[in-house]
Amino acid sequence: MRWSQTLIPTLREVPKDAEAVSHKLALRAGLIRQLSSGVYSYLPLGFRVLKKIVQIIREEMLRGGADEVLMPALHPAELWKASGRYESLGEDKIAFKNRSGHEFVLGPTHEEVITSLVGSSIKSFRDLPVNLFQIQTKFRDEARPRFGVIRTKEFIMKDAYSFDIDEKGLDENYRKMSEAYHRIFTRCGLTFQVVNADPGMMGGKMSQEFMVECPYGEDRVATSEGGYLASVDIAQRANPNLKTPAPKSEKPEVFDTPNLRTIEEIGKSFKVKPGQMLKTIIYRADGKPVAAVVPGDTEVNEGKLRRHLGASEIRQATPEEIESATGAPVGFAGPVGLKIPVICDWDVLGMADSVTGANQKDKHIRNVNLNRDFKPASFGDIRYVREGDKSPDGKGNLRLTTTMEIGHIFKLGTRYTECLNAVFVDEKGDRRPALMGCYGIGVNRILAAAIEEHHDDKGIKWPAEIAPFEIEIVTVNQDHLETREAAEKIYEELLREGREVFYDDRNERAGVKFNDADLIGIPLRVVVGERNLAAGNVEVKSRMTGETQLVSLRDLAKALSNQKKPA
RNA sequence: CGGGAUGUAGCACAGCCUGGUAGUGCGCUCGGUUCGGGACCGAGAGGCCGCAGGUUCAAAUCCUGCCAUCCCGACCA
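FYI, the numbering used here numbers position 267 of the first sequence as 642, with every residue one higher than the one before it.
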């Protein structure tokens with residue numbers, strides 16, 4: 376393709392609020408153009424990258440035994456209602472009614488649709504397993520799109536769904552998909568980690584996230600030297616086995632804290648370190664009130680608390696519920712004298728003479744001590760891990776890194792197949808719901824992640840397999856006849872060989888073209904200029920390594936195919 | 001949904017406090033000199049100053065409302 380025939384904007388300046396590196400570079404290099412908040416168009420260069428990524432995904436999914444389908448973007452709302460997930464979609468849902476009053480959802484994900492499709496197609500265990508995937512646009516009315524193409528309202532997703540007759544089959548499909556994901560992300564040039572994750576609202580037993588390190592990511596991962604790796608949502612820590620210090624105080628003392636509710640406010644006004652305070656949060660676990668107590672400088676992890684309690688559902692109490700449980704408005708809860716079960720984090724065992732809410736309006740209480748002043752129902756690991764916590768495998772401490780999720784695989788079990796009636800008849804003649812797995816990849820995010828990982832201050836350095844082109848031809852002086860003729864000849868020849876060539880045939884100064892080439896980041900650059908041409912040579916430069924070499928015109932084709940990455 | 005900011009030429013911004021002819025840089029057009037790492041000189045074109053009201057002799061500028069965008073938070077397979 377010739378530059379002059381392509382819609383590539385000359386865009387060197389980027390809005391100052393473009394924060395993420397990948398966002399800035401994608402705009403500057405003319406990969407994308409923003410249409411509105413969280414909605415982007417892909418220009419030719421960006422689209423080529425997407426196409427490459429899509430092709431890699433497609434090949435590896437087929438290799439992994441999945442077959443391709445395409446489901447509609449518009450889903451009947453009845454399906455969603457049947458699965459019970461309609462309401463929980465909340466703000467994300469884009470639903471509307473057509474003229475005849477039918478309600479539709481603009482598909483944010485396709486579990487409901489595929490389950491209904493597969494349910495109506497399978498009869499017997501002989502029809503299973505099936506594993507189907509598609510690559511298409513999803514819509515989610517994100518409350519806050521951000522970081523360019525990292526979180527957008529509309530995005531391209533590869534989603535796959537497997538259906539099996541038993542756990543063994545599900546395990547097998549899950550493993551194959553995991554392997555396919557490893558191949559996909561590796562081919563896309565990404566350094567990634569596989570992290571155990573919280574299955575969350577999707578239900579199911581097991582889930583793993585494929586993460587890349589990225590300062591603009593929205594997830595955090597805990598790692599340790601011993602190889603422990605988990606999303607902070609579920610990351611655990613070893614029990615520090617703290618000994619409770621002897622109280623220095625005689626008895627607790629209530630004091631006035633008018634209008635001071637937060638840990639921060641109290642800390643400031645009374646010179647108390649947050650770590651010396653007991654944060655008490657009231658929850659409803661399966662409808663029953665409980666109080667969770669953690670050090671003031673840590674956060675309660677609801678998922679951990681839920682598992683600790685063995686509850687199936689947990690949520691923060693409403694202000695009214697808090698008032699009835701503690702006798703005080705929000706902001707003054709504490710463990711002393713509470714009538715509801717108190718769950719303490721292990722850390723609390725190591726604290727003495729703490730400050731906490733007094734369960735009275737505008738009052739807190741100091742010199743509070745465990746056992747003497749309050750007696751917890753139980754102890755456990757109920758807070759989010761922090762940098763420096765002991766790794767649960769006992770090997771070293773935890774380190775937290777910011778990451779971006781590029782893929783996620785789940786074992787869903789029968790959650791959808793039961794309510795949407797995707798059942799089959801087994802060998803014994805019994806009707807059973809199929810066991811389901813689902814597997815997603817954010818295609819746009821791979822593009823962003825690749826830029827985040829592979830760039831320098833001049834621009835993008837595309838990994839070979841997803842580069843928009845293999846080779847860019849740059850003429851130093853397009854007006855110079857011999858230069859132009861040589862470049863045209865090289866261009867035509869490479870095209871004939873089936874190479875993907877981008878030809879910067881613009882009548883621009885050399886410096887401009889070199890800088891643009893660095894910015895766009897095509898792996899190989901062939902520079903055709905009068906100086907070298909006189910000796911029958913051109914220059915070949917690698918964007919990744921910066922190496923340059925002089926190659927004679929005669930050997931050019933060979934030199935370039937040596938650079939071609941083995942498939 | 002809360003907190004903060006910003007809407008002025010294709011793009012990035014200044015001007016606003018203290019009302020008085022619409023500005024700068026990049027890009028674009030024309031002419032010339034340049035031409036192996038973002039050239040220079042000269043001449044031009046291009047704006048309903050987000051929208052609607054109000055105050056005023058006079059509003060990009062002050063006031064009110066709305067809309068949009070961005071940032072922080074809440075939320076998020």
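All C-beta atoms in this analysis are idealised placements derived from N, C-alpha and C, irrespective of residue type, glycine included. Every value quoted in this text rests on a predicted model; they were computed, and no experiment measured them.
For residue 543, the secondary structure class from DSSP, reduced to helix, strand or coil, is helix.
Secondary structure at residue 434: helix, using DSSP grouped into helix, strand and coil. Judged by their CB atoms, residue 572 and residue 583 are nearer to each other than the 8 Å cut-off.
Residue pairing of residue 800 in beta bridges, as defined by DSSP: 499 and 806. Scanning its chain for C-beta atoms nearer than 7 Å, with the 5 sequence neighbours on each side dropped, one finds around residue 817 the residues 530, 532 and 781, in chain order. In the three-state reduction of the DSSP assignment, residue 617 falls in the coil class, being assigned neither a helical nor a strand state. The Cβ atoms of residue 613 and residue 438 do not sit closer than 8 Å to each other. By the 16-neighbour rule on beta-carbons within 10 angstroms, residue 844 is buried.
With a cutoff of 8 Å on beta-carbon distance, residue 535 and residue 436 are scored as near each other. For residue 938, the uninterrupted alpha helix (DSSP H) segment begins and ends at 931-938.
Just so you know, the alpha carbons of residue 649 and residue 395 end up roughly 32 Å apart. Residue pairing by DSSP places residue 658 opposite 665 and 691 in a beta bridge. In the same chain as residue 927, and ignoring 5 residues on each side of it, the C-beta atoms closer than 6 Å to its own belong to 911 and 912, in chain order. Between residue 707 and residue 636 a beta carbon distance of about 7 Å is seen, short of the 8 Å cut, so the two are scored as contacting. If you draw a 10 Å sphere on the C-beta of residue 887, you find fewer than 16 other C-beta atoms in it, and that means exposed.
DSSP places residue 595 inside the beta strand (DSSP E), whose first and last residues are 594-599. When DSSP states are grouped into helix, strand and coil, residue 871 belongs to the helix group. Counting along the chain, residue 792 sits inside the alpha helix (DSSP H) bounded by residues 790-794. Shown here for residue 855: same chain residues with a beta carbon closer than 6 Å to its own, the five before and five after excluded, namely 905 in chain order. Three or more beta-carbon pairs drawn from the stretch 617-634 and the stretch 725-745 are found closer than 8 Å, and the two stretches are therefore classed as touching.
In its chain, beyond the 5 residues on either side, 394, 395, 398 and 591 have a beta carbon closer than 7 Å to the beta carbon of residue 522. Less than 8 Å divides the Cβ of residue 669 from the Cβ of residue 758. With contacts defined by Cβ atoms closer than 8 Å, residue 655 and residue 731 form a contacting pair. CA-CA distance, residue 455 to residue 411, rounds to 28 Å.
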